[in-house]
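Numbering (the working numbering), first residue to last: 9 to 257. Glycine residues also receive a C-beta, built at the ideal position from the N, C-alpha and C atoms. As structure tokens, the structure follows; a few thoughts come after it.
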């Protein structure tokens, strides 16, 4: 499940406004400071916010306006992906209600336990028929050892995304978001996320929202802090639209 941690304070306030790296002056900002190989934590995020703000002053404007960055975490194992399926294509409020009912079912947060639940029980929790198939496919993959979370932790980003996305109902977006919030990988960017496109469009005053391919190309400039760039853009868009600051994407 998603759990909040200590928010990241306004590290960007020490960044001189309006200054860009030499690359940024040519229209292609690059971030040169790399995070450690360990998961991206709030402590490392302070460094990343400074690096992003130096490369692109638009990022430096987010925290002063929107406030501290809530640090969301997701269970890195089976429950985290299970909850991701529950939340696909519905509002956060509806997803929270379904998750509350599903997680209350006996054994639902363990693969074998979920497989033992009847379709009626899963449907009664609020899952659609396709989502019942998807949560069962996930549970079977984990129970049979085809998806091992311990192994995924040591797997490169692209391979980990492919392994998760191979499960029916778990596409690249779900896999990337799980790497970002569950494993806390530092350099993952879900370019297919509509809120990220909307947030960037609003932040930079773009004439139109970038398509996923264009957004992914733009995000290359924020490597190796793309996960942090995504968190900041979500935070900016929540603030711009008046949504609760701690609400997960």
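Excluding the 5 residues preceding and the 5 following residue i in the sequence, name in chain order all residues of the same chain whose CB lies nearer than 8 angstroms to its CB.
i           : result
residue 181 : 198, 200 and 201
residue 141 : 176 and 177
residue 165 : 187, 193, 195 and 196
residue 163 : 171
May I have the straight-line CA-CA distance separating residue i from residue j, to the nearest angstrom?
i           : j           : result
residue 135 : residue 58  : 42 angstroms
residue 154 : residue 65  : 44 angstroms
residue 34  : residue 213 : Unreliable placement is indicated for residue 34, whose pLDDT of 37 sits below 50; no coordinate value is reported for it.
residue 221 : residue 239 : 19 angstroms
residue 37  : residue 63  : The predicted position of residue 37 is uncertain, since its pLDDT is 49 and thus under 50; a value taken from the coordinates is nonetheless stated next. So the two alpha carbons sit approximately 5 angstroms from each other.
residue 121 : residue 148 : 11 angstroms
residue 137 : residue 94  : 12 angstroms
residue 243 : residue 56  : 15 angstroms
residue 152 : residue 119 : 9 angstroms
residue 108 : residue 132 : 12 angstroms
residue 103 : residue 96  : 8 angstroms
residue 125 : residue 143 : 11 angstroms
residue 130 : residue 156 : 24 angstroms
residue 86  : residue 150 : 8 angstroms
residue 248 : residue 73  : 9 angstroms
residue 100 : residue 219 : 24 angstroms
residue 114 : residue 98  : 24 angstroms
With burial defined as no fewer than 16 other Cβ atoms inside 10 Å of the residue's Cβ, what is the status of residue i: buried or exposed?
i           : result
residue 192 : buried
residue 84  : buried
residue 70  : buried
residue 251 : exposed
Tell whether a beta-carbon distance below 7 angstroms holds between residue i and residue j.
i           : j           : result
residue 235 : residue 48  : yes
residue 237 : residue 230 : yes
residue 1   : residue 175 : Given that the chain is displayed from residue 9 to residue 257, the structure contains no residue 1 and the question cannot be resolved.
residue 168 : residue 178 : no
residue 173 : residue 158 : no
residue 203 : residue 233 : no
Please list, in chain order, all residues of the same chain as residue i whose beta carbon is under 6 angstroms from its beta carbon, the five residues on each side excluded.
i           : result
residue 188 : 196 and 235
residue 190 : 82, 84 and 88
residue 227 : 197 and 234
residue 241 : 204, 207 and 208
residue 211 : 66 and 244
Could you give the C-beta distance for residue i and residue j, rounded to a whole number, given that I count them as a contact under 8 angstroms?
i           : j           : result
residue 280 : residue 123 : No answer is possible for residue 280: it lies beyond the span of the chain, which begins at 9 and ends at 257.
residue 67  : residue 61  : 5 angstroms
residue 185 : residue 92  : 7 angstroms
Considering only residues of the same chain and omitting the five flanking positions on each side of residue i, which have a CB-CB separation below 7 angstroms?
i           : result
residue 217 : 205, 206 and 209
residue 105 : 134
residue 127 : 140
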